[in-house]
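Quick note on numbering: the working numbering labels position 220 of the sequence shown as 220, and the sequence is numbered without any gaps. By construction, the Cβ of each residue, glycine as well, lies at the ideal position given by its N, Cα and C atoms. Note that the coordinates shown come from a computational prediction; the quantities given were computed from them, not determined experimentally. Input: a single structure, listed below in structure tokens.
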Amino acid sequence: MVSEPKVAQVSDLRPRVGDPRYGALVALTFAALLAGCGGNKSAVEQGNRDQVLHYGNGVEPSNLDPHTNTGSPESVILIEIFEGLVARGPDLEMVPAAAERWDFSGEGRIITFRLRPELKWSNGDPLTARDFRDSFKRLLEPSLAAQFAFMAYPVAGAEDYNTGKTRDFSTVGFQALDDLTFRVILDEPTPHFLQLLVTYPFLPVHMQSVARFGGAERPGTAWTRAGNLITNGPMKLIGWEANKVLTVARNEHHWNSANIALNEIRFYPIESQDTEERAFRTGQLHVTTTLPVSKIDFYREAKSPALHITPRLGANYLVFNTEKAPFDDARVRRAFALAINREQIATSIYRAGQTPAYALSQAGMGGYQPRHRITGGPEEARALLAEAGFPGGAGFPKVEYLYNTNELNRDVAQALQEMWSKELGVDVTLVNEEWKVFLNTRDLGNFQIARAGWNPFTDAPTEYFQQVVSNSAFNDSNWGDPEFDALYEKAIHTLDPAERHELYHRMDEIILRDMPVIPLVHSAIVRLVHPSVRGWKDNLLDSRLKAALTLAPGETP
């Protein structure tokens, strides 16, 4: 991923992540923020009365620009303050959002959206089809270097505009026919394209304010700061204290504002899982991002209604920098992959329903069942390493494994380090970085092996495969294969599921042959949700609009 703009930081004299003082500082800061809740009421009790949701969000957001964002923690906030043409309903069905209806024509190549006539921005300005057109033009501007711009490539002319082959945006299939009619013209029918329009790259931005702060064609400007940010979602940004709390409030100009029960949502960047769980247990949070593995059995045995564990489409995997020795050799990469005991990592470290991943693609996505899987084990791994010139690990250079801060990532890193040492005789040093620094390090290719994850926007396996397509902005491995690229391009436009699945099988086979990435586990979500939170529904994409929730006074876990 490319380097992301940085938000304002507190003093550089503060304890760093990993410093033993860090967790205590977060806890004290968080407690101070909530001290003003009034009387002896906890934040949850007061929040229930005032309809203010207190939400643990894991990390400090890197930015709130939907066109340049690449992280899941930020997306949790973006979907509250921005709204696209379509959205997902409680059962992940496609439902109207800014568009009240749409229809397909031209054998599925043309999608025409009719916008709601009452649409407005959070400052009261009218929102029209031209806002969507101009926003998508910004997404595709080469100077912006938006990593998710490629998601628009099924649209006629989009790739040529994004890559600078043309500067005439009228050749791109994003058209504002009038104030309320927006049309998308695709090069070819693309089965999952409507699902893509739910995602944050396709959220509209208020181009007048973006341009006012110089952000029309470049990232990192002040237009996303509190007081400057104009949005169109059910909530709007009203406060952002870096590394403390980000607050959104009901947007009175939203077309459905009268039916939004919550008055505010407060997002807390609590990186320590133990601190977050303690905040929940003491009534300071309604919802956590996750739960320390060591606490899962406690909540299970207590039969706590707050414990939510559910499968999720998603993968945790490892990525090699294939341009740097020794991982420029596929035999070495495969040796590292075969030395891993995925079953042990899934059941002993994750322990919340995650399943071992023997292919990057995930069984059941769009009805697909992977045929090719990782086979073999430590014995074959040692043979591969010897074949590559490192028998028993002799002469193998020291390498580093990069991961980002949290207890679970640390435990996985330590398990991998031990397995590689035991089975291969190699010495791997662990490097831990805070989230935004980690993203930047990986973007710049300053790593040898790094952790990675992908939470799909859709149920199409091509979302996993795009991680290793040669020209993908998310190909941190720097690996490429012409056959794989051609298969990917064909698969995203193939309408027949059986034919499409055969293409997936071959892509799986190529990945397992060259192993630019190592599949580790497929995902599950484990978190705590206070019983007073009404309307929460778990699903395979962990997708929900928190503005649609309500809080019931008097409930206890």
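*Determine which residues share a DSSP beta bridge with G239 and list them.*
T247
*Residue from D427, P204 and P305 whose Cα sits closest to the Cα of A216*: P204
*If you check the beta carbons only, do S122 and K236 fall under 8 Å apart?*
yes
*Taking C-alpha atoms, which residue in D179, L307 and L338 lies nearest to M515?*
L338
*Around the C-beta of E387, are 16 or more other C-beta atoms found within 10 angstroms, so that it is buried, or is it exposed?*
exposed
_I need the DSSP call for D411, collapsed to helix, strand or coil._
helix
*State yes or no: is the C-beta of R133 within less than 8 Å of the C-beta of A176?*
yes
*Can you round the beta-carbon distance between V399 and V428 to whole angstroms, since I take them to be within the 8 Å contact cut?*
6 Å
*In chain order, what residues of the same chain have a beta carbon less than 6 Å from the beta carbon of R212, not counting five sequence neighbours either side?*
none
*Of all Cβ atoms in chain B, is any one closer than 8 Å to the Cβ of G173?*
Given the protein chain composition of this structure (a single chain), no chain B is represented.
_Cβ-Cβ separation, I511 to V468 (assumed contact under 8 Å), whole Å_ = 7 Å
*Where does N563 fall in DSSP's three states?*
Only positions 1 to 557 of the chain appear in the structure, and residue 563 is not among them; the question remains open.
*Nearest-angstrom Cα separation, counted from L180 out to E434*: 44 Å
*Apart from the five residues on each side of it in sequence, which residues of its chain come closer than 6 Å, Cβ to Cβ, to A35?*
Here the model assigns A35 a pLDDT of 46, short of 50, so the residue's position is not dependable and the matter cannot be decided.
*From I238 to A226, what distance separates their C-alpha atoms?*
6 Å
*Use the C-beta contact count for N40: other C-beta atoms within 10 angstroms, 16 or more gives buried, fewer gives exposed.*
exposed
*Under a three-way DSSP split, which group does N69 fall into?*
coil
_Integer-rounded CB distance, given that A335 should sit under 8 Å from L291_ = Incorrect: roughly 34 Å between the Cβ atoms, too far for contact.
*Tell me whether M94 sits in a helix, a strand or coil according to DSSP, three-state version.*
strand
_Alpha-carbon to alpha-carbon, T171 and R138_ = 15 Å
*Going by DSSP, what residues sit across from E418 in a beta bridge?*
Bridge partners of E418: none, in fact.
_Contact the stretch 261 to 271 vs the stretch 54 to 71: 3+ CB pairs below 8 Å_ = yes
*asked:* Looking at the secondary structure, which residues open and close the beta strand (DSSP E) in which Q175 lies?
replied: F174 to D178
_Where W223 sits in the DSSP three-state scheme_ = helix
*Option nearest A460 by Cα separation, candidates P191, N471, A99 and E159*: P191
_Environment of L444 [buried if 16+ CB atoms lie within 10 Å]_ = exposed
*Which runs of the beta strand (DSSP E) fall wholly inside the stretch 303 to 327 and span at least 3 residues, in chain order?*
307 to 320
_Contacting residues, own chain, Cβ-Cβ under 6 Å from G393 (five flanking each side not counted)_ = L424, G425 and V426
*What do you get for F104, buried or exposed, if any count of 16 or more other CB atoms within 10 angstroms of its CB means buried?*
exposed
*Limits of the unbroken beta strand (DSSP E) element including G453*: I449 to W454
*Please report how far the alpha carbon of E241 lies from the alpha carbon of F148, in whole angstroms.*
27 Å
*Would you mind reading off the limits of the alpha helix (DSSP H) that contains D103?*
Per DSSP, D103 belongs to no alpha helix (DSSP H); it is in the beta strand (DSSP E), A99 to S105.
_Measuring alpha carbon to alpha carbon, tell me which residue in A87, T275, R218 and P497 is nearest F202._
A87
*Identity of the residue in F298, R506 and K244 nearest A359 by Cα*: R506
*Grab the span of the beta strand (DSSP E) containing L119 for me, first residue to last.*
Element bounds for L119: n/a, residue is neither H nor E.
*asked:* Using the three-state DSSP reduction, which class does T196 fall into: helix, strand or coil?
replied: Note that residue 196 is Leu in the sequence shown, not Thr. Three-state result, L196: helix.
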